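Undergrad: Those letters in the sequence shown? Residues 1 to 357, by full-length UniProt numbering. All residues carry an ideal CB built from backbone N, CA and C; glycine is no exception. None of these values were measured; they are calculated from a predicted model.
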Amino acid sequence: MGPVSYPPKLTVVEKLDLISARPSLIARAIYAAITGVFRGQRGHKYYNKHISHAVIRAALNRLSTRQHQALNPPTNQIYELFATKSGFTPQTVPLDHGAQGHWIGNKDAKNVLIYYHGGGFAAAAGPAFFQLQYDILDQLKAAGKDIAIFFITYTLTPHAVYPTQLTQAVGALRYIVDITGRSPSNVFIAGDSAGGNLTLGVLSHLSHPHKAIEPLELSEPLAGALPISPWVSFSLEYPSVEENRNKDILSASILERWSSLYVADSEPDNYMEPLRAPADWWKDLKVRDVLFLTGSDDLFRSPIEEFVEKFKTAFPNTTFVVGKDECHDAPIVNLMIGDQSGTEQGKAYASFLSSKL
């Protein structure tokens, strides 16, 4: 993710378009506020979230990928800002293939959770992504658990496409195991949305090495994997896509855009879309336990449910939590919109880690 190509420099036309986008988003918020009164079962249970989610959907759809990337700082810059605000010294490690790893907590901790952020492979991680991990880390430290977070900056699309991001994700694990010398049994991997896709892709690579990525041999299984609202299929032919179109932050159109950028000219495979893999693909995984999280209002709920049902037949050490009335990436999205009340998914995430440490 070199400085020349990222973040992109907007043209005059793109900048003018941003000016016109503002009133359209305000109009969308007003429309959602008015129609939300009569939303019934079609909208989110909570009025304020119905409006917030509608505005997020509208912003994702209205702005181009270039505009989004130009408006939002890169993940590594957000990390530095977050560290300063939170009172700790940022510690960033350059990784192979252009990625970076950012430490949250004691980098010499016995246990490490490697985190791959979401954003459709096209958007940087905002402050809420770091806040969730920071909050979870605080809870674990209060319980006497010795663990640190290793948060990954990977190259966004269209600056790189599949399988670059998976190569970088594997490289992060390779660094923690081979360079820092940690036992795999002290390492967790986790990620939300596109990052959940990468989490499953890493598990696939460990058992079935991708032909374009150097194999990684582990001396023992990883401690755990935690995919949050993982993107397991690029198909939109699922009941939850229609059921939750007025509840979630995602829309079919933005998913089509993001997936096409990521796939580019590649042929679909089991690493790219985990739901494509047969059940026996997931046998003998190099991990002890897996926790899947989604929300009842998540556009991804149906494909995740189908995937987990298949996955569990091959890998019984699986836990699945569906947060009631929770949207895609709810533990992060709630923080984005100022809701500090917590989520079922967030509580399950912290509980799972605590129980395995």
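Measuring only the C-alpha atoms, how far is Leu-132 from Val-232?
TA: Your numbering for residue 132 matches position 132 in the sequence shown. Your numbering for residue 232 matches position 232 in the sequence shown. One C-alpha to the other measures close to 22 Å.
Undergrad: If I measure Cβ to Cβ from Leu-335 and keep anything under 7 Å in the same chain, skipping five residues before and after, which residues do I get?
TA: Looking up residue 335 in the sequence shown gives position 335. These residues qualify, in order along the chain: Ala-128, Gln-131, Leu-132.
Undergrad: Contact defined as beta carbons within less than 8 Å: I believe Leu-71 pairs with Ala-21. What is the distance between those atoms, to the nearest angstrom?
TA: Sequence index remark: in the sequence shown, residue 71 carries index 71 (1-based). Sequence index remark: in the sequence shown, residue 21 carries index 21 (1-based). In fact, because the Cβ distance is near 10 Å, the residues do not count as touching under 8 Å.
Undergrad: Report the rounded CA-to-CA distance for Pro-3 versus Gly-196, giving the unit in angstroms.
TA: Here residue 3 refers to the residue found at position 3 when the sequence shown is read from its first residue. Here residue 196 refers to the residue found at position 196 when the sequence shown is read from its first residue. Confidence in Pro-3 is poor, its pLDDT being 37 and thus under 50, which makes the residue's placement unreliable; the coordinate value appears in the next sentence. Computed Cα separation, rounded: 27 Å.
Undergrad: Starting from Asp-192, follow its DSSP beta bridges and name the residues at the other end.
TA: Numbered from its first residue, the sequence shown carries residue 192 at position 192. According to DSSP, Asp-192 bridges with Ile-228.
Undergrad: Identify the continuous beta strand (DSSP E) that holds Gly-118 and give its terminal residues.
TA: Position 118 of the sequence shown, counting from 1, holds the residue named residue 118. Counting along the chain, Gly-118 falls outside any beta strand (DSSP E), and DSSP gives it neither H nor E.
Undergrad: State the start and end residues of the unbroken alpha helix (DSSP H) segment that holds Gly-171.
TA: As a first step, residue 171 must be located in the sequence shown, where it is residue number 171. Residues 164-174.
Undergrad: For the beta strand (DSSP E) that contains Ile-104, what are its first and last residues?
TA: One-based indexing of the sequence shown puts residue 104 at position 104. 100-104 is the extent of the beta strand (DSSP E) around Ile-104.
Undergrad: Measure the alpha-carbon distance for Tyr-46 versus Ile-228 and round it to whole angstroms.
TA: Here residue 46 corresponds to residue number 46 of the sequence shown, with the count starting at 1. Here residue 228 corresponds to residue number 228 of the sequence shown, with the count starting at 1. A straight-line Cα-Cα distance of about 22 Å links Tyr-46 and Ile-228.
Undergrad: Can Phe-188 and Ala-172 be called in contact, C-beta distance under 8 Å?
TA: Numbered from 1 along the sequence shown, position 188 holds the residue referred to as residue 188. Numbered from 1 along the sequence shown, position 172 holds the residue referred to as residue 172. No. Outside cutoff.
Undergrad: What is the rounded straight-line gap between the Cα of Gln-168 and the Cα of Phe-121?
TA: For this step, residue 168 is matched to residue 168 along the sequence shown. For this step, residue 121 is matched to residue 121 along the sequence shown. Answer to the nearest angstrom: the Cα atoms are 12 Å apart.
Undergrad: In this structure, what does DSSP give as the bridge partners for Ala-142?
TA: What you label residue 142 is simply residue 142 of the sequence shown in a count that begins at 1. Bridge partners of Ala-142: none, in fact.
Undergrad: Assuming Pro-230 and Phe-292 make a contact with CB atoms under 8 Å, what is their CB distance in whole Å?
TA: For the purposes of this step, residue 230 is taken as the residue at position 230 of the sequence shown. For the purposes of this step, residue 292 is taken as the residue at position 292 of the sequence shown. Confirmed, Cβ separation roughly 7 Å.
Undergrad: Specify whether the region 264-280 and the region 319-334 touch according to this definition: at least 3 beta carbon pairs, one from each stretch, less than 8 Å apart.
TA: no
Undergrad: Once the 5 residues before and after His-53 are set aside, which same chain residues still bring their CB inside 7 Å of it?
TA: Within the sequence shown, numbered from 1, the residue matching residue 53 stands at position 53. Counting only Cβ-Cβ distances below 7 Å, and skipping sequence neighbours, we find His-44, Lys-247, Asp-248, Ile-249, Cys-327.
Undergrad: Give the secondary structure of Leu-218 by DSSP, where H, G and I count as helix, E and B as strand, and everything else as coil.
TA: On the sequence shown, residue 218 is found 218 positions in, with the first residue counted as 1. Coil at Leu-218, not helix or strand.
Undergrad: Assign Val-37 to one of two classes, buried (16 or more other C-beta atoms within 10 Å of its C-beta) or exposed (fewer than that).
TA: Indexing the sequence shown from 1 puts residue 37 at position 37. Exposed, because fewer than 16 other Cβ atoms sit within 10 Å of the Cβ of Val-37.
Undergrad: Given this structure, state the Cα-to-Cα distance separating Val-333 from Asp-17, to the nearest angstrom.
TA: For the purposes of this step, residue 333 is taken as the residue at position 333 of the sequence shown. For the purposes of this step, residue 17 is taken as the residue at position 17 of the sequence shown. Rounded to the nearest angstrom, the two C-alpha atoms are 26 Å apart.
Undergrad: Take every Cβ of the region 189-209, pair it with every Cβ of the region 103-119, and state whether three or more of those distances are shorter than 8 Å.
TA: Judged by Cβ distances under 8 Å, the region 189-209 makes contact with the region 103-119, as three or more pairs qualify.
Undergrad: According to DSSP, is Met-1 part of a helix, a strand, or is it coil?
TA: Within the sequence shown, residue 1 is the residue found at index 1, counting from 1. Any reading at Met-1 must be qualified, since the residue scores a pLDDT of 43, below 50, and its modelled position is unreliable; no value is offered.
Undergrad: Starting from the C-beta of Leu-156, find all residues in its chain whose C-beta is less than 8 Å away, skip the five residues before and the five after it, and write them out in chain order.
TA: For this step, residue 156 is matched to residue 156 along the sequence shown. So the qualifying residues of the chain are Met-1, Tyr-6, Gln-69, Gly-119, Phe-121, Ala-122, Ala-123, Ala-124.
Undergrad: Along the chain, where does the beta strand (DSSP E) containing Leu-291 start, and where does it finish?
TA: On the sequence shown, residue 291 is found 291 positions in, with the first residue counted as 1. 290-295 is the extent of the beta strand (DSSP E) around Leu-291.
Undergrad: Taking all protein chains shown into account, do 16 or more other C-beta atoms lie within 10 angstroms of the C-beta of Val-241, making it buried, or fewer, making it exposed?
TA: Indexing the sequence shown from 1 puts residue 241 at position 241. Classification for Val-241: buried.
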